[in-house]
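Trainee: Here it is: the structure, laid out below.
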Amino acid sequence: MRIAEFALERFFARWEFAAKHLLCASDVEAWAMADVLALADDEARAMWDGLRLGYTESTGHPLLRAEIAALYETIEPDDVLVFAGAEEAIYCLANVLPGAGEHAIVGWPGYQSLYEVARAAGASVSLHALREADGWALDVERIRHSMHKNTKLVIVNAPHNPTGMLPTAAEWRALTDLCAEAGVHLLADEVYRYLEFDESDRLPAGADAFDRGISLGVMSKSFAMPGLRIGWLATRDRDLLARCAAIKDYTTICSSAPSEVLALIALRARDRVVARSREIVLGNLPVLDAFFERWPETFSWVRPRGGSIAFPRFHDKRMTIDRFAAELVEVEGVLIAPGSIFGMADGHFRIGFGRTDLPEALAGLESFATRTLS
Ligand SMILES: Cc1ncc(COP(=O)(O)O)c(C=O)c1O
Numbered sequence: 394m395r396i397a398e399f400a401l402e403r404f405f406a407r408w409e410f411a412a413k414h415l416l417c418a419s420d421v422e423a424w425a426m427a428d429v430l431a432l433a434d435d436e437a438r439a440m441w442d443g444l445r446l447g448y449t450e451s452t453g454h455p456l457l458r459a460e461i462a463a464l465y466e467t468i469e470p471d472d473v474l475v476f477a478g479a480e481e482a483i484y485c486l487a488n489v490l491p492g493a494g495e496h497a498i499v500g501w502p503g504y505q506s507l508y509e510v511a512r513a514a515g516a517s518v519s520l521h522a523l524r525e526a527d528g529w530a531l532d533v534e535r536i537r538h539s540m541h542k543n544t545k546l547v548i549v550n551a552p553h554n555p556t557g558m559l560p561t562a563a564e565w566r567a568l569t570d571l572c573a574e575a576g577v578h579l580l581a582d583e584v585y586r587y588l589e590f591d592e593s594d595r596l597p598a599g600a601d602a603f604d605r606g607i608s609l610g611v612m613s614k615s616f617a618m619p620g621l622r623i624g625w626l627a628t629r630d631r632d633l634l635a636r637c638a639a640i641k642d643y644t645t646i647c648s649s650a651p652s653e654v655l656a657l658i659a660l661r662a663r664d665r666v667v668a669r670s671r672e673i674v675l676g677n678l679p680v681l682d683a684f685f686e687r688w689p690e691t692f693s694w695v696r697p698r699g700g701s702i703a704f705p706r707f708h709d710k711r712m713t714i715d716r717f718a719a720e721l722v723e724v725e726g727v728l729i730a731p732g733s734i735f736g737m738a739d740g741h742f743r744i745g746f747g748r749t750d751l752p753e754a755l756a757g758l759e760s761f762a763t764r765t766l767s
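Each residue of the sequence shown is one higher than the one before, starting from 394 at the first, in the working numbering.
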């Protein structure tokens, strides 16, 4: 397969382990392994101590699949397929749905693989542009008008990377009803689920919404364990899962045995794991609010409603956000991701607020802005 470079990942390949402060990471401050093991119940601890490093079950450890299924209302363990992160799940799904010559509608700006893999696999993709002027909201009527006879899949990520958009319950219902009526699958990329700032805004999972709904989940973001590389698809469409499993035979075949047990431990203790992530994210928000209040002429944002990232805008006319970001990381060691990486070179940039060093990182940005812009 020939595929365009993943701009964000190439950017991180250059900077992720070179910059002192990642002010654009999308994950939440990662757990230490010893702390995860301390969460284990007796059964999982015995699994860890007695673990043999053989191949694992290709669909995922049955106990892990049961724990993932428990995150949903209508999902059985056999409706779950485990992958190496959400990224492998996207890759495998996009290789079977939409098929070559078929059509998908994908939110934009967004996580590039959500549209790039399907394109490379021979599908046609319409990007559903989210607009800052609309608060980055989904426009279900526009999605309806973009549907063709050969539309097979709609992909929506919520809470959204990079804007932090979260549809209202009514918008979500309108979207799931539209897809159900049209006989179209909906991939709900829910990797930031559980990080809704107001928990009453949490949406029904895509997999629970209707029989062609597919939920994409991962341990990386709200569960704060990206290094496990454990993600999953959940859907009642078992035939689709079987087709994805057949692609996985050509990627990783099966998951890492230690990661499966650690993910099982973490999901059994999910209330504590998610509470920690929420505390970090919600604790960082007032620091950002105060920053945007101090710089109304230079920086603005549509305040997100969930997740750990936002897509503010830089308004200074003397330099581009690309130059500001390049100098910021060189001088202060603080990394922000210019919008050009998302194909939107108009002053936007991504910030992440899931890391505990956000106050220092933001202070570095502010000190640099004070010296260079005032
Ligand atoms: C919206 C979205 N989907 C999927 C992924 C992939 O997750 P992972 O890197 O854990 O595989 C990411 C990662 O940033 C993401 O932001």
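Positions of the beta carbon are idealized from the N, C-alpha and C atoms, including for glycine.
#1: Kindly give me the distance between the Cβ atoms of D709 and L766, rounded to whole angstroms, as I take these residues to be in contact under 8 Å.
#2: In whole angstroms, what separates the C-alpha of M394 from that of S419?
#3: Does at least one heavy atom of ligand 1 sit under 6 Å from the Cβ of G620?
#4: Opposite P731 in the DSSP bridges: which residues?
#5: In angstroms with no decimal places, state the Cα-to-Cα distance between R438 and S451.
#6: Between A625 and F684, what straight-line distance do the alpha-carbon atoms span, to the nearest angstrom?
#7: Taking the alpha-carbon positions, what's the S648 to R631 distance?
#8: Could you check what DSSP says for E589 in three-state terms: helix, strand or coil?
#9: Only counting runs of 4 or more residues, tell me where the alpha helix (DSSP H) segments fall wholly within the stretch 644-691, in order along the chain.
#10: Below 6 Å, is the gap between the Cβ of E725 and the nearest heavy atom of ligand 1?
#11: By Cβ distance, which residues of its chain are closer than 6 Å to K614, with the 5 residues on each side in sequence left out?
#12: For the beta strand (DSSP E) holding S517, just list the boundary residues, first then last.
#13: Less than 8 Å between C-beta atoms, sequence neighbours within five positions excluded: which residues of the same chain meet that for T691?
#14: Examine ligand 1 and report whether any of its heavy atoms sits within less than 6 Å of the Cβ of V584.
#15: Label K641 either buried or exposed according to how many other C-beta atoms from any shown protein chain fall within 10 Å of its C-beta, with 16 as the threshold for buried.
#16: Grouping DSSP H, G and I as helix and E and B as strand, with all else coil, what is A627?
#17: For P502, count the other beta carbons within 10 Å of its own beta carbon; 16 or more makes it buried, fewer makes it exposed. Which is it?
#18: What's the gap between the Cα of V654 and the Cα of E720?
Mentor: Result, derived from the coordinates:
#1: 6 Å
#2: 27 Å
#3: no
#4: F742
#5: R438 and S451: Cα-Cα distance of roughly 22 Å.
#6: In the sequence as displayed, the identity of residue 625 is Trp instead of Ala. Taking the straight line from one Cα to the other gives about 36 Å.
#7: 20 Å
#8: strand
#9: 650-661 and 663-687
#10: no
#11: D420, V584 and Y585
#12: S517 to A522
#13: Counting only Cβ-Cβ distances below 8 Å, and skipping sequence neighbours, we find F707, H708, D709, A762 and L766.
#14: Under cutoff, so the answer is yes.
#15: buried
#16: strand
#17: Around the CB of P502, 16 or more other CB atoms lie within 10 Å, so the residue is classed as buried.
#18: 42 Å
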